[in-house]
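In the working numbering, the protein residues as written are 1111 to 1203.
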């Protein structure tokens, strides 16, 4: 059975090295309320992925981007993907 959480997420662990300008852009997107519908999908109590929708800065009427974090049971990030131009693929850790 799949459980969908929209609040009360547990801490996750990651070792992704983001470029400094990417981190600043993410902070600004969050402050502008462009990150919406953040959900964690768990199967039988084990976390498997976190998804969100990111409204584009320049084309707010276009389809939002969909970033995803794949997690193992210990909440370590094992992969990331996004439908944005920067990362139209899956990166495995």
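Beta carbons are placed, not taken as given, at the ideal position from N, Cα and C, and that holds for glycine.
For clarity, every value in this text was computed on a predicted model and none was experimentally measured.
Inset, instruction - Taking the CB atoms as reference points, tell me whether residue 1163 and residue 1146 lie closer together than 8 Å. - result: yes
Legend entry - Distance, residue 1118 Cα to residue 1171 Cα: 29 Å
Inset, instruction - Would you tell me roughly how many angstroms separate the C-alpha atoms of residue 1116 and residue 1129, rounded to the nearest one? - result: 28 Å
Inset, instruction - Could you have a look at residue 1146 and say whether DSSP puts it in helix, strand or coil? - result: strand
Inset, instruction - Assign residue 1127 to buried or exposed, taking buried as 16 or more other Cβ atoms, counted over all protein chains shown, within 10 Å of its Cβ. - result: exposed
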